[in-house]
Amino acid sequence: MAEWNAYFRGDEDEDVEQEEGEEGGGEYKSTGRDSLVFLVDASKEMFVKGEDGESSNFDMTMQCVRSVYMSKIISSDRDLVALVFFGTEKSKNPGDSFKHVYIYHDLDSPGARRVHDIDCLMGGKGAQLAAEQMGSGATSLGDALWCCANLYSDIKLRLSHKRLMIFTCRDTLHGGDSKLDTKARTKASDLKETGVIIDLMHLKKPGGFDVGQFFCDIVSPPEDESELGVQMEPCGKLEDLQKRVRAKEMKKRAQSRLMLSLGEGMKVAVGVYVTARTAMKPPSVLLYRDTNEPVRTKTRHFHTQTGSLLLPSDTRRAQTYGQKQIVMEKDETDEIKKFDDPGLVLMGFKPMSRLKLHHHIKPSVFIYPEEEQVSGSSCVFLALLRRCSERNLFAVCRYIPRRNTPPRFVALLPQREETDQGRAQVTPPGFHGIFLPYADDIRTLDVHQGPSATDEQIDKMKEIVHKLRFKYRSDAFENPSLQTHFRNLEALALDLMQPEDIEDFTMPKVDMMDARLGPLTQEFKDLVYPPGYNPEGKPAAKRKPADSGGGGVDKKPKVEVSEEDLRAHVTNGTLGKLTVPVLKDACKLFGVRTTGTKKQELIDAITAAVTK
1 MAEWNAYFRG DEDEDVEQEE GEEGGGEYKS TGRDSLVFLV DASKEMFVKG
51 EDGESSNFDM TMQCVRSVYM SKIISSDRDL VALVFFGTEK SKNPGDSFKH
101 VYIYHDLDSP GARRVHDIDC LMGGKGAQLA AEQMGSGATS LGDALWCCAN
151 LYSDIKLRLS HKRLMIFTCR DTLHGGDSKL DTKARTKASD LKETGVIIDL
201 MHLKKPGGFD VGQFFCDIVS PPEDESELGV QMEPCGKLED LQKRVRAKEM
251 KKRAQSRLML SLGEGMKVAV GVYVTARTAM KPPSVLLYRD TNEPVRTKTR
301 HFHTQTGSLL LPSDTRRAQT YGQKQIVMEK DETDEIKKFD DPGLVLMGFK
351 PMSRLKLHHH IKPSVFIYPE EEQVSGSSCV FLALLRRCSE RNLFAVCRYI
401 PRRNTPPRFV ALLPQREETD QGRAQVTPPG FHGIFLPYAD DIRTLDVHQG
451 PSATDEQIDK MKEIVHKLRF KYRSDAFENP SLQTHFRNLE ALALDLMQPE
501 DIEDFTMPKV DMMDARLGPL TQEFKDLVYP PGYNPEGKPA AKRKPADSGG
551 GGVDKKPKVE VSEEDLRAHV TNGTLGKLTV PVLKDACKLF GVRTTGTKKQ
601 ELIDAITAAV TK
């Protein structure tokens with residue numbers, strides 16, 4: 001099975017708030033900051049423009065680096081990023097120890113100044129500036145890798161993930177020099193031993209790029225036997241390069257790692273990944289107005305009478321039941337909330353037809369085996385996946401993501417692996433965990449019975465729906481509110497005159513829709529609305545009663561329901577159609593005393609009084 005990971009970090013579920021002292025059921029393998037080093041070839045071949053005035057490989061690489069910088073600033077500004085050029089004429093590194101290696105950005109957090117620096121290297125003027133500032137000279141990949149190793153060793157922070165990406169359009173960097181090739185392989189091996197993952201982002205060149213000629217010994221091996229570690233086809237477009245870099249730059253992280261119990265004595269290790277979650281604007285940060293430094297907030301509890309500071313051991317938790325306060329210790333509340341250890345427990349299987357669309361109550365999770373945790377998990381997991389897919393079944397499991405969280409039922413939908421012509425994975429193999437509702441979550445709605453449409457009206461609407469059908473892809477629509485927010489922040493940080501315009505893809509394309517529909521819209525209006533009716537016109541103003549005194553405000557007449565009608569509503573179960581004021585009057589009519597103001601409480605009180 002190919003290794004797979006969502007582009008999103010596996011954060012804790014926002015719907016479950018963990019109290020102080022609680023521990024999560026699944027933990028990450030490591031904690032710390034992610035680091036990424038861009039090692040870019042600055043040889044003359046990189047500056048050659050493509051056919052029909054296409055961007056050069058160097059310009060395309062700078063655009064990709066800039067997009068990563070912007071992404072890091074917005075999503076994870078604590079990560080460290082560096083930009084190093086090799087094959088340059090001039091050198092810039094500590095002590096100029098390595099010739100033809102130019103450190104453009106040290107390993108540090110990205111910022112507006114660095115984005116400005118990248119902008120200066122883009123386009124025709126950028127190529128000219130790069131030639132003046134760095135130039136193109138001899139190449140020694142071994143020295144460049146050694147210089148990158150020193151960047152990592154100089155960082156005193158704890159790094160959880162170290163990755164190095166090589167951008168080049170040359171498959172033979174040293175022109176057949178075996179000594180330089182051996183030196184590069186040795187330094188690459190040293191880097192990989194220290195935990196640095198080396199990836200190759202090879203670019204298009206005339207005659208093709210032969211990865212096996214040199215770079216197969218430089219890049220890191222795949223993490224799984226069937227994973228394609230190096231994409232064999234070179235990148236010729238910016239979109240392809242950005243997609244490949246994005247897939248590699250994120251560390252594989254699971255929301256939690258749990259045990260899937262298939263029966264007594266049969267457990268496999270799985271990871272729970274988040275494939276989609278609501279993107280939110282970053283929270284505002286409180287700053288001290290004199291220095292603009294972030295303000296740390298602390299919460300302390302004091303006794304209401306003595307004013308003394310209360311420690312966590314001095315407080316208890318209470319809940320009121322039947323006008324009596326039930327006081328419990330923290331250990332008691334933790335014990336009440338604990339149902340079982342975190343994990344997935346198989347309950348059974350159901351045909352796919354039993355799963356309905358309205359059962360989906362929150363974003364799903366993705367279940368993938370963890371071979372490193374328990375050996376043989378991938379084999380058992382793949383057998384279960386293939387069997388469920390062949391029989392068109394889904395598995396029902398009890399799911400407890402972490403300690404002190406209530407259990408949920410999830411439906412595990414099988415998904416087989418799909419690859420494209422280049423053997424790149426399109427969809428990963430695994431199970432989608434669909435959260436199922438409890439009986440308490442399902443509500444009964446009082447549906448208003450309106451007039452039914454005629455067969456002619458239905459057929460006409462079918463024609464309209466058929467004309468307006470299109471293929472929907474969620475990744476084709478960006479949130480306009482978020483895009484506007486981040487474009488404004490980008491303009492402020494980069495000192496732009498005005499933010500870049502965005503295209504709101506949520507707005508309907510009225511002209512195209514009118515062209516597709518043609519006369520169908522008017523024909524449907526003629527079938528549904530009476531002659532001369534304008535649905536977009538304003539309603540006629542209501543006239544005041546003739547006997548109104550001129551200045552008084554007319555009160556709405558009080559709606560009265562007889563006792564017989566109320567009993568009929570109780571018998572038919574249609575009390576929900578009445579308004580809250582009418583239900584309160586009904587309670588007074590039956591002599592029911594109630595302090596509740598919710599509609600359901602009034603309905604229950606009236607029903608109990610009538611059925612006595």
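Number 612 marks the last residue of the sequence shown (the working numbering); no jumps.
Here a beta-carbon is modelled for each residue, glycine too, at the ideal position from N, C-alpha and C.
The straight-line gap separating the alpha-carbon atoms of HIS100 and HIS174 is approximately 13 Å. DSSP, reduced to helix, strand and coil, places PRO414 within a strand of the structure shown.
In the structure shown, the three-state DSSP call for PHE590 is coil. Contact annotation: the region 88 to 107 touches the region 122 to 136, with at least three C-beta pairs closer than 8 Å. In the three-state reduction of the DSSP assignment, HIS485 falls in the helix class. Judged by their CB atoms, LEU262 and LEU346 are nearer to each other than the 9 Å cut-off. In this structure, LEU200 lies away from SER140, with their beta-carbon atoms at least 9 Å apart. C-alpha of VAL37 to C-alpha of LEU492: approximately 27 Å in a straight line. Positions of the alpha helix (DSSP H) runs, each at least 4 residues long and wholly inside the region 412 to 482, are given as 455 to 467 in order along the chain.
Shown here, ASP501 sits in coil according to DSSP, grouped into three states, outside any helix or strand. Using a C-beta cut-off of 8 Å, the region 108 to 125 makes no contact with the region 157 to 166, since fewer than three inter-stretch Cβ pairs fall below that distance. Assignment of beta strand (DSSP E) within the region 262 to 316, counting only whole runs of 3 or more residues, yields 266 to 274 in chain order.
Pairwise C-beta distances place the region 266 to 273 in contact with the region 373 to 392, as three or more of them are shorter than 8 Å.
Minimum Cα-Cα distance from HIS569 among the listed residues THR611, THR594, ALA82 corresponds to THR611.
Within the DSSP secondary-structure output, GLY343 pairs in a beta bridge with ILE400.
DSSP places LEU602 in no beta strand (DSSP E) but in the uninterrupted alpha helix (DSSP H) bounded by 599 to 610. GLY348 is bridged by DSSP to VAL396. LYS337 sits in a helix when the DSSP states are folded into three classes. Judged by beta-carbon spacing, LEU258 lies within the 9 Å limit of LEU344, meaning their Cβ atoms are closer than that value.
In this structure, ASP79 places its C-beta atom within 9 Å of the C-beta atom of ARG33.
By alpha-carbon distance to GLY433, the top candidate from HIS359, LEU311, HIS301 is HIS359. Annotated three-state conformation of ALA318 is strand, per DSSP. For the pair LEU382 and TYR368, the Cα-to-Cα distance works out to about 10 Å. Listed as beta-bridge partners of ALA82 by DSSP are VAL37. Per DSSP, the unbroken alpha helix (DSSP H) holding PHE524 starts and ends at 520 to 528.
Considered as a whole, the region 172 to 231 harbours 196 to 202 as its complete beta strand (DSSP E) runs of no fewer than 3 residues, in chain order. Going by DSSP, TYR152 is part of the alpha helix (DSSP H) stretching over 141 to 153.
Proximity of the region 277 to 284 to the region 295 to 306 falls short of the contact definition, fewer than three beta-carbon pairs being nearer than 8 Å. Distance from the CA of ILE326 to the CA of LYS337, rounded to the nearest whole angstrom, comes to 16 Å. HIS105 and GLU54 have their alpha carbons spaced roughly 27 Å apart. Under the three-state reduction of DSSP, LEU157 is assigned to coil, being neither helix nor strand.
In this structure PRO407 does not touch PHE431 by the C-beta definition: roughly 18 Å separates them, more than the 8 Å allowed. Between THR275 and PRO363, the gap from beta carbon to beta carbon is short of 9 Å. Proximity to ARG387 across ARG416, LYS187, ILE361 peaks at ARG416, based on C-alpha coordinates.
Here DSSP, grouped into helix, strand and coil, assigns THR168 to strand. In the structure shown, ARG408 adopts extended strand secondary structure according to DSSP, grouped into three states.
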